[in-house]
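>
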Amino acid sequence: MATNFALINKETLNFICNGKGITIDFLAQKSKYSTDKIKRWLDINDKLFPTIIQAKTLANCLHIPFASLYMDPKDIPMKSIPSYKNMRTVMNMAYNDESSINIAIIDVLTAFDFLMETNKELDIPNPVYVAPASINSDDPNVWADEIRKYLNLQIDEQFNLSSSRKFYLYLRNKVESKGVFVHCFSGVPVETVRGFAIFNNKQPIIGLNADDRYPAKSFSIIHELVHIIKREPSLCNDNYSSFATLSEEIFCNAVAGELLVPSSALNVLLLNEEYNHPYNLTDIKRMADTFSVSKEVIIRRLLDTGKIDRNAYEAYNKIFLEELEKQREQNKINREKGLPTSFPRNTAQIAVDRTSTSICTALYLGYAADMYSKYELANHLGIKLDKVDMFLKEAGTWNN
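Going by the working numbering, the first residue of the sequence shown is number 652, and it counts up by one from there.
(1) Within the same chain, show all residues whose beta-carbon is closer than 8 Å to that of ARG739, passing over the 5 residues directly before and after it, in chain order.
(2) Are the region 659-674 and the region 714-725 touching, with three or more C-beta to C-beta distances below 8 Å?
(3) Nearest by alpha-carbon distance to LEU917: which of ILE935, ALA1020, ILE901, ARG691 is it?
(4) Go ahead and pull the three-state DSSP assignment for SER788.
(5) Which ranges does the alpha helix (DSSP H) cover as unbroken runs of at least 4 residues, wholly within the region 812-899, from first to last along the chain?
(6) Give the C-beta separation of LEU920 and THR933 to the nearest angstrom, bearing in mind that I take them to be a contact with Cβ-Cβ under 8 Å.
(7) Who are the Cβ neighbours of ARG823 in its own chain at under 7 Å, not counting the five residues just before and after it?
(8) Assign VAL779 to one of two classes, buried (16 or more other C-beta atoms within 10 Å of its C-beta) or exposed (fewer than that).
(9) Scan the region 994-1019 and note each continuous alpha helix (DSSP H) run of 4 residues or more that stays entirely inside, going in chain order.
(10) State the Cα-Cα distance for the pair ASN803 and LEU820, rounded to the nearest angstrom.
(11) From this set, ILE659, SER731, ASP748, which residue's C-alpha is nearest ALA710's C-alpha?
(12) Which ranges would you report for the alpha helix (DSSP H) in the region 944-982 if only whole runs of at least 4 residues count?
(13) I believe PHE847 touches ILE756 by the beta-carbon criterion, under 8 Å. Please report the beta-carbon distance rounded to the nearest angstrom.
(14) If contacts are defined as beta-carbon pairs under 8 Å, then VAL944 and PRO866 qualify, I think. What distance do you get, rounded to the angstrom?
(15) Could you say if the region 766-783 and the region 897-908 meet the contact criterion of at least three C-beta pairs nearer than 8 Å?
(16) Which same chain residues, not among the five before or five after VAL841, have their C-beta less than 7 Å away from its C-beta?
(17) Please state the DSSP three-state secondary structure of LYS736.
(18) Just mark TYR1026 as buried or exposed, buried being the case when its beta carbon has 16 or more other beta carbons within 10 Å.
(19) Any idea if SER869 is buried or exposed, counting beta-carbon neighbours within 10 angstroms, 16 or more meaning buried?
(20) Going by beta carbon distance, what residues of the same chain come within less than 6 Å of ILE689, once the five residues before and after it are set aside?
(21) Out of curiosity, what's the CA-to-CA distance linking VAL877 and ALA795?
(22) What first and last residue would you give for the alpha helix (DSSP H) that runs through VAL781?
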């Protein structure tokens, strides 16, 4: 049987890899093809071309349409990587290669461009960033209080939300209402990058790791929002259960912790007779569910507010890390066996969760205006056609 080679434009493949900052080692690791093969595919003087299947795999690794590999380089718009400060404090040696991070950033920037173009076609004004009033203090508690006022976050609304997912969407909607674009990226381990902030005066951008848990995403939204308010473009992988070393990360973590679990509200909650020190694991979970945050955030807040000591914190944290690792391992085994994981995948919900509120709204309005078909929505969101109605139902609740 004859092999079907893809007569791609090798100059275009080079242009995309160079423009996105993609290394040969990254392509080899992601595609499972040898570095020698990839070098030959990139060599414009080499007569070896990838097969159709191999070329499609390369396109998938690069997060580009397969057809792009046949185009002329000058016809391909290429986003540049904006400057940022690398705030990552736990470096994974296997991910010193920045390729996956560059792809993630460009994916979010591309999504932002899609929003701008769609809003223009729908004759919808693009959101404009409304910055908060200057916060003349170095006290994280003051910052948390001012940002709560800025976003109009109400503690009773927070307590009344039914899940950490609902709270995540509530926070995302509040932040986007101020003209900050919030969108998820994929393909990067959460320990490598949890989130990033890109600042500009018109509409700043927050990128969140789609693979993070809902409480972690909520924390990252506020953490990155502090960077935005401080006009600090940043790339972060820190979380509140670790002890950051960079002053910027310590500050952002402290603000996010106080904002999500205000010490005043925590003190009132702990006056309830059902909470008795020393707190057991059920108490910790109940507190976390009340604030719609993670158990890790709760124990850190208890530590920071003097309700528990460092030894108790470390003991709790060890238990939660072991629980999380055990669950991740079980999920991995289940996936390999084709069994459901502990977290059922509602693909329509996942599409909403990883897609900016602004884009969800634009897609909903575009469908209502007959600009997009259900097929086009399914293709854009990466969901099956029969799940589009579920997406429209949820997106419709924000627009009616």
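Glycine included, every Cβ here is placed at the ideal spot set by N, Cα and C.
According to the structure shown:
(1) THR843, VAL844, LEU886, CYS887, ASN888, ASP889
(2) yes
(3) ILE935
(4) coil
(5) 815-827, 865-880
(6) Not confirmed; about 14 Å, so no contact.
(7) VAL833, ILE872, THR1008
(8) exposed
(9) 998-1005, 1008-1019
(10) 15 Å
(11) ILE659
(12) 946-955
(13) 7 Å
(14) 5 Å
(15) no
(16) ASN860, ASP862, ASP863
(17) strand
(18) exposed
(19) buried
(20) ILE675, LEU678, ALA679
(21) 9 Å
(22) Looking at the DSSP string, VAL781 is not in any alpha helix (DSSP H), and its letter there is neither H nor E.
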